[in-house]
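Undergrad:
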Amino acid sequence: VRFLVAGALMYAWLRIRGASAPTLVQWRSGAISGTLLLVGGNGAVVVAEQWVPSGLVALIVATVPMWMVLLDARFGSGNRPSSRATMGLMIGFLGVGVLAGSPGVGAGGREEFLGASLVLVGSISWAIGSLVSRYVENPPRPAMLVATQMLSGGAIFTLLSLASGELVGFSLLDVSQRSWWALLYLIIAGAIVGYAAYVWLLTVVLPSRVATYAYVNPVVALFLGWALADEPLIPRSMLAAAIILASVVVITTDSVQDQRGKPSDSIDL
Numbered sequence: 085v086r087f088l089v090a091g092a093l094m095y096a097w098l099r100i101r102g103a104s105a106p107t108l109v110q111w112r113s114g115a116i117s118g119t120l121l122l123v124g125g126n127g128a129v130v131v132a133e134q135w136v137p138s139g140l141v142a143l144i145v146a147t148v149p150m151w152m153v154l155l156d157a158r159f160g161s162g163n164r165p166s167s168r169a170t171m172g173l174m175i176g177f178l179g180v181g182v183l184a185g186s187p188g189v190g191a192g193g194r195e196e197f198l199g200a201s202l203v204l205v206g207s208i209s210w211a212i213g214s215l216v217s218r219y220v221e222n223p224p225r226p227a228m229l230v231a232t233q234m235l236s237g238g239a240i241f242t243l244l245s246l247a248s249g250e251l252v253g254f255s256l257l258d259v260s261q262r263s264w265w266a267l268l269y270l271i272i273a274g275a276i277v278g279y280a281a282y283v284w285l286l287t288v289v290l291p292s293r294v295a296t297y298a299y300v301n302p303v304v305a306l307f308l309g310w311a312l313a314d315e316p317l318i319p320r321s322m323l324a325a326a327i328i329l330a331s332v333v334v335i336t337t338d339s340v341q342d343q344r345g346k347p348s349d350s351i352d353l
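Take the position in the sequence shown, starting the count at 1, then add 84; the result is the number in my numbering.
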């Protein structure tokens, strides 16, 4: 729902601002990348978290940077990552491993194994979708690409929900006020701001740099849990956060320049 609403709002706003409608080829590109990112990537994690511990999910999702760099080198730019970027990726994965490590992880049996496999497939899907967003024919405005992706991905999510029977017995009257506020936050902060920023970065920054989000997210969640939910900060978590932040510094200070040119100043809305 959040992607469908956010995509509709962005598309309407851009058309009002005078942006041209995407061509059929651009719609197709947006639909493919949006499906890979939102349905394949996000959807796999949502389903798998029913059986897989969040620590293990975070560890598997942390393979996204590796997949992005390897697939970009093989099928995208053809450029191998620098030794500095490779070192940064390895440090980041180590940090997430330290953060995710906890008793009981990996002891869930067959269901956990299948769920973990689904997360891995979703991580690869997210990496492929990210690279598709970078290299295929897209609308002139990155924001319009975001709109086409969210509309396409949101529509497929809706169809899957209907097919799986999730809406049977559902009533808007049963939705709490807190849930409505949470949905509004996800639409604005998660989709229109966060996801749009990610897709824009894909068009202007090296994949190895964009992919550092997969390392930073668990650290942000860690400190938000401490600040908002009184969750304890243990020495292991602090060590992991320091390792992850060090990896981000190593990657983002890599002197290798993006062959596609300098980033633009802002996303054109």
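Idealized CB from N, CA, C, for every residue including glycine.
Rounded to whole angstroms, what is the Cα-Cα separation between residue 280 and residue 253?
TA: About 33 Å.
Undergrad: Going by DSSP in three states, residue 267 sits in which element: helix, strand or coil?
TA: Correct three-state label for residue 267: helix.
Undergrad: Would the stretch 234 to 241 and the stretch 108 to 121 be scored as touching if the rule is three or more Cβ pairs under 8 Å?
TA: The stretch 234 to 241, when compared against the stretch 108 to 121, does touch it at the 8 Å Cβ threshold.
Undergrad: Please confirm whether residue 200 and residue 148 have their CB atoms less than 9 Å apart.
TA: No, the pair does not count as a contact, with Cβ atoms beyond the cut-off.
Undergrad: Buried or exposed: which applies to residue 142, given that a residue is buried once 16 or more other Cβ atoms fall within 10 Å of its Cβ?
TA: Per the 10 Å Cβ criterion, buried.
Undergrad: Return the CA-CA distance between residue 336 and residue 150, expressed in angstroms with no decimal places.
TA: If you take the alpha carbons of residue 336 and residue 150, they lie about 15 Å apart.
Undergrad: Can you grab the Cα-Cα spacing for the pair residue 162 / residue 289, in whole Å?
TA: Residue 162 and residue 289: Cα-Cα distance of roughly 15 Å.
Undergrad: Taking the alpha-carbon positions, what's the residue 249 to residue 242 distance?
TA: Distance between the alpha carbons of residue 249 and residue 242: 11 Å.
Undergrad: How many angstroms separate the CA atom of residue 269 from the CA atom of residue 93?
TA: Each residue's alpha carbon lies about 14 Å from the other.
Undergrad: Using CA coordinates, which residue listed in 146, 266, 91, 130 is at the minimum distance from residue 182?
TA: Here the closest residue by C-alpha is 146.
Undergrad: Quick check: what's the CA-CA separation for residue 90 versus residue 276?
TA: Rounded to the nearest angstrom, the two C-alpha atoms are 6 Å apart.
Undergrad: Please classify residue 158: does DSSP put it in a helix, a strand, or coil?
TA: The answer is helix: DSSP assigns residue 158 an H, G or I state.
Undergrad: Compare the Cα-Cα distances from residue 120 to each of 85, 309, 206 and report the closest residue.
TA: Nearest of 85, 309, 206 to residue 120, Cα basis: 206.
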